Amino acid sequence: MKQLKWLSYPYIFWMILFIIVPLILVFIFSFTTGDIRLNGDFQFSIENFQRFFDPLYLKVLGKSVNLALKSTIICLLLGYPMAMIISRENIKKRNVMILLFVVPMWMNFLLRTYAWMTLLGKNGVLNFLIKKLGFTPLNFIYNDNAVLLGMVYNFLPFMVLPIYSVLIKMDRSLIEAAEDLGANKVKVFLKIIFPLSLPGVVSGFTMVFMPALSTFVISRLLGGGQYMLIGNLIEQQFLWTGDWHFGSAISIIMMAFILIGMAITSKFDKEKEGGGLW
Amino acid sequence: MSKFLKKIYTILIFIFLYAPIVVLIVFSFNNSKSRGSWNGFTLKWYIELFKNEEIMKALYYTIIIAVLSAIISTIIGTFAAIGIYNMNYLSKKVALNINYLPVLNPDIVTAVSLMTLYRFMNIQLGFLSMLLSHITFCIPYVILSVLPKLKQLNRHLAEAAMDLGATPFYALRKVIIPEIMPGIVTGALMAFTLSIDDFVISFFNTGSGVTNLSITVYSMARRGIKPEINALSSLMFLTVLVLLLIINKRTTKDLEKRGDIA
């Protein structure tokens, strides 16, 4: 079958043109300055990166990392028990429950976030219920918590699925052996179940942290027009301010953060197997 | 007691997952424009939806781009998977790692990098740039769903065909492709749904009045909430549900078939 190697050549050309070259271009843009309208008139400079160290931008980065970490941890705390409960069910019920978990995920991401606007908004459903009960309406939307909620809602399945797929593959006899040897439930969990499920936790962690760090939709819709996360900053530079050089530098910084995150988490993932979801 | 707690927890999580969707569907039948009150059942938003030119145009582009990018990425991706599978160890590893880049990279980075490319090549942002971008992020998923089928394929089958006088192309058409067909179909369905669902990459790489549904929802949601979007959401949810059930049925059938052989 070696004769069939050439079948991949069109895609190799495609990959070079549409994957490699664009990334190289972003890299070049980040290390140059110049006017985007005058093609080719760029000078090498690290000004874009220096500019990022302005407290204004560092605060945006800090807020993004903070929110992404918080949402990842909440997803883990909510998702791990859920994955465990599902994995203990019989196969038929299990599959139905997982399907139910996946269905909302397949609904358009924008619509899911928009749905929360309907629920949390000033004249939204929650405030309507609160008013009916005789309380004063609360301010749910356009703050950090709304953004956090949007992230947890959108990315929770990314945490549950990898943990679940590790848990169902786990050898039950190990748990039984530990129980026979006198370990209580807490000990079995801490010494057997949790360590063995780490690969799933790790891939869940990256799969939630990454989109949470780079989102600009959730922050725009649930955080309001003035809300700035690092994704919004990139959007602003490319679409409104027109400073592609600075925008590229921010993209490179964001990629660096994600690579660091992946490197740290893969340290814990000794078996390199991950959840096997993708 | 703990069984009871587990049940409560499961129910709460599922309420959390489905509450927004249920609210959208319910309010798509609400006669009042405001979300705060229920004013009787109506189908008028569904009629308004089909009269709304902005939404209809976006729907048209969404479907055209999804169909085209599914077809093109399935063809390129299937051939690429077969080619990559037959490479030697090192080039296979390099090719698969590059293939993984759009999957691993945050959407926004893929989006701005493609935007820079079009700028550099002087391609006007619009239909073509959006289509090329969609094909670019769909192909990796096609390859990832075809490759496992190639691993299951008996290598000697194609070799036997060629020993018996089939040209490599004939063996490909008559032996390999039919064997990996389930993977190809899954890949195509995945490409189609990914393309329909995409927002970030489309948002950065479109122009000249070409939009898709996600972009329309985004701009409408920023301007204020329109009941037509609720109707649109319900219809899209239904479509996705049907597609998902079809895919699910295919995979369970696949599992059963494998079970029969074993």
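Protein sequences, first through last, are from chains A and B. Using my numbering, read the first sequence as starting at 9 and increasing by one per residue. Using my numbering, read the second sequence as starting at 15 and increasing by one per residue. Note that the Cβ used here is the ideal one computed from N, Cα and C, for glycine as well. Everything numeric in this text was worked out from a predicted model, so none of it was measured.
(1) Can you tell me whether Ala84 of chain B is buried or exposed? The criterion is at least 16 other CB atoms within 10 Å of its CB, across all chains shown.
(2) In the DSSP assignment, the alpha helix (DSSP H) including Pro182 of chain B goes from what residue to what residue?
(3) Any heavy atom of the ligand MN closer than 7 Å to the Cβ of Trp114 of chain A?
(4) Judging by CA-CA distance, which residue of B:Leu38, B:Thr56, B:Ile122 and B:Phe64 is the nearest neighbour of Met263 of chain A?
(5) Between Val160 of chain A and the rest of its own chain, which residues show a CB-CB distance below 8 Å, the 5 nearest in sequence each way excluded?
(6) Could you confirm whether any beta carbon from chain B is found closer than 8 Å to the beta carbon of Trp22 of chain A?
(7) State the DSSP-derived secondary structure class of Ala276 of chain B, mapped to helix, strand or coil.
(8) Candidates A:Phe21, A:Gln11, A:Met23 and A:Pro30: which alpha carbon is nearest Ile260 of chain A's?
(9) Check whether the segment 204–215 of chain A touches the segment 167–184 of chain A, taking contact to mean three or more Cβ pairs, one atom from each stretch, closer than 8 Å.
(10) Check whether chain B comes within 8 Å of Ile149 of chain A, counting only Cβ atoms and requiring the distance to be less than that.
(11) So the candidates are A:Met105, A:Ile24, A:Ser95 and A:Pro112; which of them puts its Cα closest to the Cα of Leu252 of chain B?
(12) Please look up how many angstroms separate the CB atoms of Lys150 of chain A and Gly232 of chain A, rounded, as I've assumed it's under 8 Å.
(13) Check whether the Cβ atoms of Ile266 of chain A and Ala109 of chain B sit closer than 8 Å, and answer yes or no.
(14) Counting along the chain, where does the alpha helix (DSSP H) carrying Asp211 of chain B start and finish?
(15) Measure the C-alpha to C-alpha separation of His148 of chain B and Thr200 of chain B and round it to an integer number of angstroms.
(16) Excluding the five sequence neighbours on either side, which residues of its own chain have a C-beta within less than 8 Å of the C-beta of Asn147 of chain A, listed in chain order?
(17) For Ile96 of chain B and Leu15 of chain A, which I take to be in contact (beta-carbon distance under 8 Å), what is that distance rounded to the nearest angstrom?
(18) Which one of A:Trp252, A:Leu241, A:Ile94 and A:Ser38 has the shortest CA to CA distance from Lys21 of chain B?
(19) What distance in whole Å lies between the Cβ atoms of Thr273 of chain A and Val210 of chain A, which are believed to be in contact at a cut-off of 8 Å?
(20) Gly208 of chain A touches chain B at which residues, Cβ-Cβ below 9 Å?
(21) Please classify Thr76 of chain B: does DSSP put it in a helix, a strand, or coil?
(22) Please tell me whether Arg237 of chain B has its Cβ less than 8 Å away from any Cβ of chain A.
(23) According to DSSP, what are the bridge partners of Asn162 of chain A?
(24) Determine the burial state of Gln245 of chain A: buried for a count of at least 16 other Cβ atoms within 10 Å of its Cβ, exposed for fewer.
(25) Looking at chain B, is there any beta carbon in it that lies within less than 8 Å of the beta carbon of Val196 of chain A?
(26) Grouping DSSP H, G and I as helix and E and B as strand, with all else coil, what is Phe254 of chain A?
(27) Please tell me whether Phe254 of chain A has its Cβ less than 8 Å away from any Cβ of chain B.
(28) Is Phe117 of chain A closer than 8 Å to Pro165 of chain A when the C-beta atoms are compared?
(29) Count the other CB atoms within 10 Å of the CB of Ala276 of chain B; is the residue buried (16 or more) or exposed (fewer)?
(30) Let me know if Asp177 of chain B comes out buried or exposed under the rule of 16 or more other beta-carbons within 10 Å of its beta-carbon.
(31) Any beta-carbon of chain B closer than 8 Å to the one on Gly231 of chain A?
(32) Please give me, in chain order, every unbroken run of the alpha helix (DSSP H) with length at least 4 that falls completely inside the segment 171–246 of chain A.
(33) Between Gly140 of chain B and the rest of its own chain, which residues show a CB-CB distance below 7 Å, the 5 nearest in sequence each way excluded?
(34) Have a look at B:Val126, B:Ile89 and B:Leu186 and flag the residue whose alpha-carbon is nearest the alpha-carbon of Leu203 of chain B.
(35) By the DSSP assignment, the alpha helix (DSSP H) with Val40 of chain B in it spans what residues?
The relevant details are as follows:
(1) buried
(2) Pro182 to Ala185
(3) Although the ligand MN was asked about, the structure shown includes no ligands whatsoever.
(4) B:Ile122
(5) Close CB contacts of Val160 of chain A within its chain, under the 8 Å cut and outside five residues either way in sequence, are with Ser79, Ile82, Cys83 and Leu86 (chain order).
(6) yes
(7) With a pLDDT of 35 at Ala276 of chain B, under the threshold of 50, the modelled position of this residue cannot be trusted; read the value that follows with caution. Coil.
(8) The closest CA to that of Ile260 of chain A, considering only A:Phe21, A:Gln11, A:Met23 and A:Pro30, is found on A:Pro30.
(9) These segments touch.
(10) The beta carbon of Ile149 of chain A does not come within 8 Å of any beta carbon belonging to chain B, so the residue lies off that interface.
(11) A:Pro112
(12) Correcting the residue identity first, residue 150 of chain A is Tyr in this sequence and not Lys. Indeed, because the Cβ distance is near 4 Å, the residues count as touching under 8 Å.
(13) For Ile266 of chain A and Ala109 of chain B, no; Cβs fall outside 8 Å.
(14) Ile191 to Asp211
(15) 17 Å
(16) Lys130
(17) 5 Å
(18) A:Ile94
(19) 5 Å
(20) By Cβ distance, chain B contributes nothing, its closest Cβ being about 18 Å from Gly208 of chain A, past 9 Å.
(21) helix
(22) Answer no: the Cβ-Cβ gap between Arg237 of chain B and chain A never drops below 8 Å.
(23) Note: Asn162 of chain A sits in no beta bridge, so no partner.
(24) buried
(25) By the rule that beta-carbons nearer than 8 Å mark a contact, Val196 of chain A does not touch chain B.
(26) helix
(27) no
(28) no
(29) Caution is warranted here: a pLDDT of 35 is assigned to Ala276 of chain B, below 50, making its placement in the model unreliable, and the coordinate value is therefore given only provisionally. Exposed, since its Cβ has fewer than 16 Cβ neighbours within 10 Å.
(30) Counting Cβ neighbours within 10 Å, Asp177 of chain B comes out exposed, since fewer than 16 surround it.
(31) no
(32) Runs found: 180–188, 193–196, 202–222, 225–231 and 238–243.
(33) Non-local beta-carbon contacts of Gly140 of chain B in its own chain, meaning distances under 7 Å to residues more than five positions away in sequence, involve Thr220, Gly221, Ser222 and Val224 in chain order.
(34) B:Ile89
(35) Ser16 to Phe41
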